[in-house]
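These notes concern the structure reproduced below.
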Amino acid sequence: MLGLTLLVFTLVFLFPLYWMVSGAVKSPAEFARSTPTLIPESFHPGTYVTAWNNMQIAKYFTNTVFYAFGGWIISLLVDVGVAYALSKLKPIFGKIVLGGMLASLMLPPTALLVPAYLTVADLPLVHINLLNTPWALWLPAAANAFNVYVLKRFFDQIPNDLLDAAAIDGAGKLRQLWSIVLPLSRPVLGVVSIFIIVALWKDFLWPLVVLQDPDNQTLSVALARLANTSQVPPTEFMAGLAIASLPMIVVFLIFQRSIIGGLGSGSLKG
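With the first letter of the sequence shown counted as 1, position 87 gets the number 147 in my numbering; the numbers rise by one all the way through.
Right, dumping it as structure tokens:
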């Protein structure tokens, strides 16, 4: 019974991927049939090359890689710093700050869409418009309560005796973070990194709102725009979707063990 259940769930999750990949190699006429074909009757792998060229996927792919890499760096700097402060520096209002951050997880992302947009459109204090810039993606991505909580929970498991010994040897708080906390936190840092990159790569609604210039758009937004504003055949659109999905599928398949192991590595005290 368990094996049958696993098989059913596997098919449910894999079938959309199969439909996307196989739909791209069909002819437009076959794809548009009212009765769909499960196995393509014709095979046109050149659709992927055509989609890559006609939809300028290389350009938007490069944009998305740039946004994902920059967001990864900035998110790690912010999230690690906040988690380290809450875990080891024990600020006066640390519990209140943590509680407020965790409370934000209870709100649906769409509820934060308008406040976040108003913030990046007119950055408080400095009054800078960040729309159509990478910072409109990077700064909201860095304010991720879930990643901060995961990192804090891991940092809590690191014995304070190690930090006290380093302090006796003259290491400051930043040196303790760099030389002790971060090397011990490689598993959870890998997990959080995957979460950050995948979230930035697959996000659609927020880049659609803040990146209005077509030249600056991410791959997911550009594919949707091209499908609505140009005469892109549905098979080419499916090919573009498959190309956009491939990097994150590969990342997940390679690092799935690391994700599970990293999340569980801080749950038990050694």
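Backbone N, C-alpha and C fix where the C-beta goes; we use that ideal spot for every residue, glycine too.
None of these values were measured; they are calculated from a predicted model.
Residue interval of the alpha helix (DSSP H) (run including residue i)
i: Met80; result: Leu62 to Ala84
i: Thr124; result: Ile117 to Tyr144
i: Asp216; result: Ala205 to Asp216
i: Ala231; result: Segment: none, Ala231 is in no alpha helix (DSSP H) and carries neither H nor E.
i: Met161; result: Gly154 to Ser164
i: Ser280; result: Leu279 to Thr289
i: Ala171; result: Ala171 -> no alpha helix (DSSP H), and no H or E assigned at all.
i: Phe91; result: Pro88 to Phe91
i: Trp266; result: Leu265 to Val270
Contacting residues, own chain, Cβ-Cβ under 7 Å from residue i (five flanking each side not counted)
i: Val241; result: Tyr144, Phe215 and Ile218
i: Asn189; result: Ala181 and Asp182
i: Leu149; result: Lys233
Cβ shell of residue i (< 6 Å), same chain only, five flanking positions each side left out
i: Leu223; result: Gln236
i: Val338; result: Any question about residue 338 goes unanswered here, given that the chain covers just 61 to 330.
i: Tyr209; result: none
i: Ala84; result: Thr107, Thr295, Met298, Ala299 and Ala302
i: Ser164; result: Ala205
i: Ala128; result: Ile257, Leu260 and Trp261
Buried versus exposed call for residue i [16 or more other C-beta atoms within 10 Å across all chains shown]
i: Ser147; result: buried
i: Gly330; result: Note that Gly330 scores a pLDDT of 42, beneath 50, so its modelled location is shaky and nothing firm can be said.
i: Leu328; result: A caution first: Leu328 carries a pLDDT of 42, below 50, which makes its placement in the model unreliable, though a value can still be read off. Its Cβ having fewer than 16 others within 10 Å, Leu328 is exposed.
i: Pro267; result: buried
i: Val72; result: exposed
i: Glu296; result: buried
i: Leu300; result: For the record, residue 300 in the displayed sequence is Gly; it is not Leu. Flag for Gly300 reads buried.
i: Lys119; result: exposed
i: Thr124; result: buried
i: Ala92; result: exposed
i: Phe264; result: exposed
i: Val281; result: buried
i: Leu178; result: exposed
Distance, residue j Cα to residue i Cα
i: Ile117; j: Thr107; result: 13 Å
i: Met359; j: Leu197; result: Any property of residue 359 remains undetermined from this structure, which presents the chain solely from 61 to 330.
i: Val248; j: Val311; result: 16 Å
i: Leu234; j: Ser82; result: 52 Å
i: Leu211; j: Val109; result: 42 Å
i: Asp221; j: Gly154; result: 21 Å
i: Val251; j: Val142; result: 17 Å
i: Val174; j: Leu77; result: 33 Å
i: Gly63; j: Leu313; result: 21 Å
Proximal residues to residue i (C-beta, below 8 Å), its chain only, five neighbours per side dropped
i: Asn192; result: Val270, Leu271, Gln272, Asp273 and Asn276
Integer Cβ distance of residue i from residue j, believed to fall under 8 Å
i: Ala302; j: Leu283; result: 11 Å between Cβ atoms; not a contact.
i: Ala231; j: Pro200; result: Actually they do not touch by this definition, with Cβ atoms about 34 Å apart.
i: Gly131; j: Leu306; result: 20 Å between Cβ atoms; not a contact.
CB contact below 7 Å: residue i versus chain D
i: Gln116; result: In the displayed structure, chain D is absent; only one protein chain is listed.
Any non-hydrogen atom of the ligand FAD within 6 Å of residue i CB
i: Pro96; result: Among the components modelled here there is no ligand, and therefore nothing to report on the ligand FAD.
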